[in-house]
Structures are given as structure tokens and as C-alpha cells.
Amino acid sequence: MRTSTKGPSKKINSHHTILGTKNQKDAAFSLLLLMPAIILCITFILIPIVDSVKMSFTSYKIKNLTQGIPGVWNNFANYTRLWESGKLQDSIVVTLWFVGITVVLTFIISMALALMLNSKIKGARFLRSVMMIPWVIPTVIAGLLWAWIFANPYGLLQYLVKVFTGGRIDDFGILNNQNTALWGVIIAALWKQIPLMTLLLLSGMQNVPDSIMEAATIDGASYMARLFNILIPYMRSVIAVTVSMCIIENFKQYPLFATLTNGGPSGATTTLAVLSYDEAFVNYNYGSGAAVTTVWLLLMIVVVFIFNRIFKKSQD
23 MRTSTKGPSK
33 KINSHHTILG
43 TKNQKDAAFS
53 LLLLMPAIIL
63 CITFILIPIV
73 DSVKMSFTSY
83 KIKNLTQGIP
93 GVWNNFANYT
103 RLWESGKLQD
113 SIVVTLWFVG
123 ITVVLTFIIS
133 MALALMLNSK
143 IKGARFLRSV
153 MMIPWVIPTV
163 IAGLLWAWIF
173 ANPYGLLQYL
183 VKVFTGGRID
193 DFGILNNQNT
203 ALWGVIIAAL
213 WKQIPLMTLL
223 LLSGMQNVPD
233 SIMEAATIDG
243 ASYMARLFNI
253 LIPYMRSVIA
263 VTVSMCIIEN
273 FKQYPLFATL
283 TNGGPSGATT
293 TLAVLSYDEA
303 FVNYNYGSGA
313 AVTTVWLLLM
323 IVVVFIFNRI
333 FKKSQD
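The sequence shown begins at 23 in our numbering and counts up one residue at a time.
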């Protein structure tokens, strides 16, 4: 005896059709909601990047613009000139030193402060509010504040050095010395960036289950064992995001350098950001400035990619 399966088959097909239609509608609605963000990203991020990369292969000077002459394609002439002058290599080295030192110190100090605030000390809420003041202050204002502190010979730092050395050191211009100028900018960057990273790491710490920490304490695990075997592994995603943000923030750091050293003395603090500005808006060579910006962007992408790869391998 033969049985008919047409009825259930039609119901199943109809059910899948309804689900398929519903999923398509949800996808279309999601795309519609994302369209404003996509349009803004393409208009203000992707198109300028493509235009900048294209400009880096042209001779694009302001005198040509005033005469209505478009940029002339010159292949790698901008990159070759920057490389042969030594400016590009020097700025890459300064940038990597600045980013590396600032990111490492920011993370270490922020982690220590977050651990302190997470220990339920008295006045923790007040300290959280007060410590956010440096982050809220605009970067240019922060740069001017530190410029006054580092000013020689009438800055606060100069005064404190005189007091603690009994007047034996009467010339301590940290920003005027090639060996210390970069450290002056690093100190200002740390003061500006530590509050936000501390707050982000603290929020990550507070998501770690108390029961696990209590169980480890009962089992006799030391503080350092709980820190490296429980707390930090639970915070890996937060650490990855905050450090990546810090790397990007310091790669594109320009206001502090502009207000404190402007790339000096003798190029000791000329990062890729400073060199890009100088080439484009001081030397009025937009093609050369775009070439520096392209190298700057590629280097930042490579550094962030390497960090994420290393961090991911450490998780395995």
C-alpha cells in the first residue's frame, strides 16, 4: 500500500520559505540600519585614505594648485626622496620608540592603579572621578600645561629640581635636550592616557567572578598566582582591546608633539605624524606628506596586527 507524502512535504517547504523570507527581511532591515554608518565610513574614511595613497605617488605642490595644475604622477619619487634624506627612517624609529614605551608604561601603571581601586579601598569612587580629569582635558590644553611645567628656566619642574638639589642643577630643560625631549612628551602622554585605560581595566576586573577568586584564596593560592592564573586570563579580551586602542592613539599622536616640541630639538621628537604635517603644511608638498601618511598608516596596521597575533598565540 502506497502512502502519500505530498502534504507534509508541502508544509515543510512552506515553513522553510517563511523562515527564509523572515531571515531575508531581517538581513535587509539590519543593512538598512547600518547604511548611515557605512556611508559615513566610506565618505569620510575610505575615500580620503584611497585619495591620500593616490596622492602619495604624485608631485602635488601648492604652487601647482594655485595655477590650476593637477598632480603629476611621479611613481615612487616622494618615497625615494624621503628615504634618501633619512627623514623617513628617523621618524619611524622615533615613532616606534614613543609608541612602544608609552604603551608598555601606560598598561603597567594602569593595571597597578586598577588593582588598587579594585581592592575596595576607602574613597575609591572619589578617586575614579578625580583621576578622569586628565583624560577629559583636551589634548592641546594638556600639552600647554606640560609645556609650562617643563619650561626652562621658570617652569615648575625646574623649580623642584633646584629645591631638591640645593641649587646645584640650575638648568634642567627636559624639552631642550635631545636625549630627554622624547621622555617629556611620553610623560605628558602617560598623564593623559592612563585614566581611561585604568577605568577600562577596572571594569574588566569587576567582571571576574568573586567565587573563583575566593576559592583560589581558600586553596592557598598566593596573590601573584591569582593575578596571573585567574584575573589576567579572564581579562584577556579587555586587555587586547585597551592595548590596541592605546597603540592606535599613540601612533596618531600629534597635538602633544606640536605643543611641546614641534619635532625638535634637531628632529629628536619628529614622529611620522610630525613629519607628515611638516611635509604637507610647512613645505607645502602634499604628495610628500601623503607618502609619509601612507607609510604611517601601513606601519600602524602592521604593529596592531603583530600585537593581536602574538596576543592570540599566548591564549592558545
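Built from N, CA and C at the ideal position, the CB exists for glycine as well.
In the three-state scheme derived from DSSP, where H, G and I count as helix and E and B as strand, V94 is classed as strand. Note: N307 is bridge-paired with K83 in the DSSP secondary-structure output. Put simply, the stretch 173 to 182 does not touch the stretch 154 to 163. Fewer than three CB pairs are less than 8 Å apart. As the crow flies, the alpha-carbon of G206 is around 17 Å from that of K274. Take Q215, set aside five residues on each side of it, and the residues of its chain with a beta-carbon closer than 6 Å to its own are T128, in chain order. Contact between L137 and A210 fails: their C-beta atoms lie close to 24 Å from each other, not under 8 Å. Note that the C-beta distance between V183 and F172 is not below 9 Å. Boundaries of the alpha helix (DSSP H) harbouring E271: R258 to F273, taken from the DSSP string. Here Q111 carries a helix assignment [DSSP, helix/strand/coil]. Burial is judged here by how many other beta carbons sit within 10 angstroms of a residue's own beta carbon; W318 has at least 16 and is buried. Here DSSP, grouped into helix, strand and coil, assigns I254 to helix. Just measuring C-alpha positions, the residue of N100, I71 and T239 sitting nearest G309 is N100. DSSP places L197 in the coil class of the three-state scheme, outside both helix and strand. Under the 10 Å beta carbon count, F186 is surrounded by fewer than 16 other beta carbons and is classified as exposed. Contact between A302 and S78 is ruled out by a C-beta separation of about 11 Å, above the 8 Å threshold. In this structure, the CA atom of T292 is about 27 Å from the CA atom of F66. The count of Cβ pairs closer than 8 Å, one atom from the stretch 159 to 169 and one from the stretch 233 to 242, stays below three, leaving the stretches out of contact.
The Cβ atoms of L204 and V116 lie closer than 9 Å to each other. For the 9 Å CB-CB criterion, I252 and A238 form a contact. Contact between N272 and T124 holds, since their C-beta atoms are separated by about 5 Å, short of 8 Å. Nearest Cα to L224 within the set W105, S141, L110 and I328: S141.
Between the alpha carbons of F279 and D48 lies a distance of about 48 Å. Rounded to the nearest whole angstrom, the CA to CA distance from S288 to L320 is 26 Å. Residue state for K184 is assigned as helix, using DSSP reduced to three classes. In this structure I64 is not in contact with Y306, their Cβ atoms being roughly 29 Å apart against a cut-off of 8 Å.
Ranked by Cα distance from D112, the options A295, S74 and M227 are led by A295. Between the alpha carbons of P217 and I332 lies a gap of roughly 26 Å.
Taking all protein chains in view, the Cβ of T80 is crowded by 16 or more other Cβ atoms within 10 Å, so the residue is classified as buried. Counted as a single uninterrupted DSSP element, the alpha helix (DSSP H) harbouring V162 occupies residues T161 to F172.
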